[in-house]
Amino acid sequence: QRYEELCRSLNMDERARAEAWLSYQSMRRNYTLEGNDMHWLACALYVACRKAIPTVSRGTAEGNYVSLTRILRCSDQSLIEFFNKMKKWEDMANLPSQFRERTERLERNFTVSAVIFKKYEPIFQDIFRYPQEDQPRQQRGRKQRRQPCTVTEVFQFCWVLFVHAKGNFPMISDDLVNSYHLLLCALDLVYGNALQCPNRKELLNPNFKGLPEDFHSKDYKVSSDPPCIIEKLCSLHYGLVLEAKGIKEHFWKPYIRKLFDKKLLKGKDENLTGFLDPGNFGDSVKAINKAYEEYVLSVGNLDERIFLGEDADEEIGTLTRCLNTPSGLETAERVQVKHNLQQHFDRSKSLRITTPLTGRKYIKESNPYVTPVSIATYSLSRLHTMLAGLKNAPSENLEQILRSCSRDPSQSIANRVKEMHDVYCQSTQSEGEFSNFSKDVASKHFRLAEMLYYKVLESVIEQERKRLGDTDLSAILEQDVFHRSLLACCLEIITFTYNPPGNFPFITEIFDIPVYHFYKVIEVFIRAEDGLCREVVKHLNHIEEQILESMAWKQGSVLWDRIRENENKVPTCEEVMPPQYFERSAGSSVVGSPLTPRRINEVRAEGGGLGKGLSSPPASLYDRYSSPTANPTRRRLF
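Per the UniProt record's numbering, the very first residue in the sequence shown carries number 1; after that it's consecutive.
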């Protein structure tokens, strides 16, 4: 009966209603569904709603245009609860990977938006007055003049404009850094419009450092073109000026112009102003909200206006709102950091190393930045500093080194890079009106990865030449798997820097690189490049642990082929570990016994990897990628 009432309140179609109920009954027969039954039924309904259905005209439509937010509201379930239950439902129902990926992306979008909203409120308060300073609205008749917009209305409008834009750029909807810069662009545009409003002094914070010098003068005259405060916002709130200005010029402005062309925003389209004027604001608010609602229903995304609601805490499951809290004051609710959302924020923060394998000594001291956005922008600024002055091509020194090899690998390297560029751009391509945006972002990310690739390749070769003297490295530099792994590692770093927590193992999958080979390049990379920031090194360590603990042991892994080639034998612990780590009994080594968990953790804490050999320093590029030597121990270790 409760389920029938839920479906009636959602105006659910018969097909989805019946399918969800049958799915729920099947799950209940086979599993113990703990907790509120309506929450599990909400999961079943969401799955049924997102399936392709026939349309009246022809073909199919993806989903039945029932809002996820309404499903959760009507079933009295928070968003955090939904994500937790949905993961279990996907496993129980054995849903296809495509559906799981969509849900994961939905969760990542939510995580980014939650982090961004926490930044949005204080930045908005820096530029505009406090909402409680709004003058109360007076009741007016139909024929009376429209009243000027209030700070609260501007706050809500700016957020809707941002989330609508973010949704139209799927390449960055779960990208923390670019989403943050997109928010700065929205605030910059709304600020410029507010300056030209007749009630500007009722909207803008008189103490904002970005106001024109003569703003408080009686003779202040409005400029025909609104000023750009991107640089000021970046300096005040940890943005990156070049990144933000690039987003504004190439993507934000063209997007806003399209909104003016479609009459979604009313005003002066020549300089993108006027939509806050009393005669235009009401229509612009209605049009943008309607367009955003249509987008949300068509793609099945979360309605991110949820953050603006009075019941945001309950609907999300956490996140205390602070818009009406004076700056600097902490309420009791704010002090209690909600546990559920914190675990989502942690994905955007760095991952703490619990069992480090390699590279511990390369991790620098913690930097003072503490928020997910400032950590991400700090990491990105470090990356830009590291790549400053470089080009996405070999340096003169690297070209000379490659030419000096007995067989010059330059052309094969260039061909491989071009091929991987095409594969990457194709794999990250999105469809729709703004598909060029995703193509441009993918090309930009790959160009940065190329710069890093050639820089690290040069460092690796220089280290090998110092170590091996005049040994010809042609055999190694001709190895396709080494170059593909190295470039893939660079791409993973770029992806992680722009969009923590990265997307591994997506990179290895699109280039068809076995993780067994990708693992071998990680430590080589970290030792060759000392400019990596703390978070990036942690991320690579985390990938290394994932591979060692599970990925390398999956069915079809190259590791099993290597074991079979070695007569189904693997090295004993004595052959791969230094002697000081062995337990001794009655003065003798415990030969052939496995390492105890305590000993493994001790070795890891020392920074020694279980995959390392007897040699010290750790295995070099030559050791890892040359043919096995005659020594039986070293052959087994390889």
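Glycine included, each C-beta is placed from N, C-alpha and C at the ideal position.
*asked:* Measuring straight from C-alpha to C-alpha, what distance separates residue 495 and residue 95?
replied: C-alpha separation (whole angstroms): 27 Å.
*Residues sharing a beta bridge with residue 128, DSSP*: DSSP lists 204 as partners of residue 128.
*Going straight from the alpha carbon of residue 228 to that of residue 474, what length do you get?*
53 Å
*asked:* I need the straight-line Cα distance from residue 397 to residue 457, nearest angstrom please.
replied: 11 Å
_Spatial distance of residue 11 from residue 125 (CA atoms)_ = Each residue's Cα considered, the two are about 40 Å apart.
*Quick one: Cα of residue 19 to Cα of residue 48, how far?*
6 Å
_What does the Cβ neighbour count give for residue 471, buried or exposed, with the cut at 16 atoms within 10 Å?_
exposed
*Counting pairs of beta carbons, one from the stretch 182-190 and one from the stretch 215-232, are three or more of them closer than 8 Å?*
yes
*asked:* For residue 487, tell me which candidate among 545, 499 and 419 has the shortest Cα-Cα distance.
replied: Residue 419 is the option with its Cα nearest to residue 487.
*In whole angstroms, what separates the C-alpha of residue 242 from that of residue 123?*
19 Å
*In terms of DSSP beta bridges, what is residue 508 paired with?*
Bridge partners of residue 508: none, in fact.
_Using the three-state DSSP reduction, which class does residue 150 fall into: helix, strand or coil?_
Reduced to three states, the DSSP call for residue 150 is coil.
*Do residue 113 and residue 154 have their C-beta atoms closer together than 8 Å?*
no
*asked:* Quick check: the Cα distance between residue 322 and residue 116, rounded to an integer number of angstroms?
replied: At residue 322 the pLDDT is 38, less than 50, meaning the model places this residue with poor confidence and gives no usable figure here.
_Local conformation of residue 354 per DSSP, three classes_ = Legend: pLDDT at residue 354 = 34, less than 50; position of this residue unreliable, value from coordinates given subsequently. It is coil, neither helix nor strand.
_Per the DSSP calculation, residue 273 is bridged to which residue(s)?_
According to DSSP, which records beta bridges pairwise, residue 273 is partnered with 268.
*Could you check which residue in 515, 301, 250 and 86 has the C-alpha nearest to that of residue 27?*
86
*With a CB to CB cut of under 8 Å and the five nearest residues on each side skipped, what residues in its chain are close to residue 274?*
193, 196, 266, 267, 268 and 280
_Contact check, residue 38 vs residue 76, beta carbons under 8 Å_ = yes
*Cβ distance (whole Å) where residue 167 is taken to contact residue 3 below 8 Å*: Actually they are not in contact, since the Cβ atoms of residue 167 and residue 3 sit about 31 Å apart, beyond 8 Å.
*Considering only C-alpha positions, which residue in the set 261, 556 and 532 is nearest to residue 455?*
532
*Using the rule of at least 16 other Cβ atoms within 10 Å of the residue's Cβ for burial, across every protein chain shown, is residue 6 buried or exposed?*
buried
*Can you tell which of 276, 300, 556 and 557 has its C-alpha closest to the C-alpha of residue 198?*
276
*Alpha carbon to alpha carbon, what distance is there between residue 566 and residue 403?*
Distance from the CA atom of residue 403 to the CA atom of residue 566, rounded to whole angstroms, is 36 Å.
*asked:* I'd like to confirm something about residue 193: is its beta-carbon nearer than 7 Å to some heavy atom of the ligand ATP, or not?
replied: With respect to the ligand ATP, the structure offers nothing, as it holds no ligand at all.
*Does DSSP classify residue 34 as helix, strand or coil?*
coil
_Whole-angstrom distance between residue 71 and residue 297, CA atom to CA atom_ = Those two C-alpha atoms are separated by around 12 Å.
*From residue 44 to residue 50, what does the alpha carbon distance come to, in whole angstroms?*
10 Å
*Note down, in chain order, each residue of its chain lying with its Cβ closer than 7 Å to the Cβ of residue 314, except the 5 sequence neighbours on either side.*
78
_Within 8 Å, strictly: CB atoms of residue 521 and residue 482_ = yes
*What separation, rounded to the nearest whole angstrom, lies between the Cα atoms of residue 16 and residue 92?*
19 Å
*Three-way DSSP call (helix, strand, coil) for residue 287 in this model*: Helix at residue 287.
*Beta-carbon proximity list for residue 421, same chain, < 7 Å, skipping 5 on both sides*: 446
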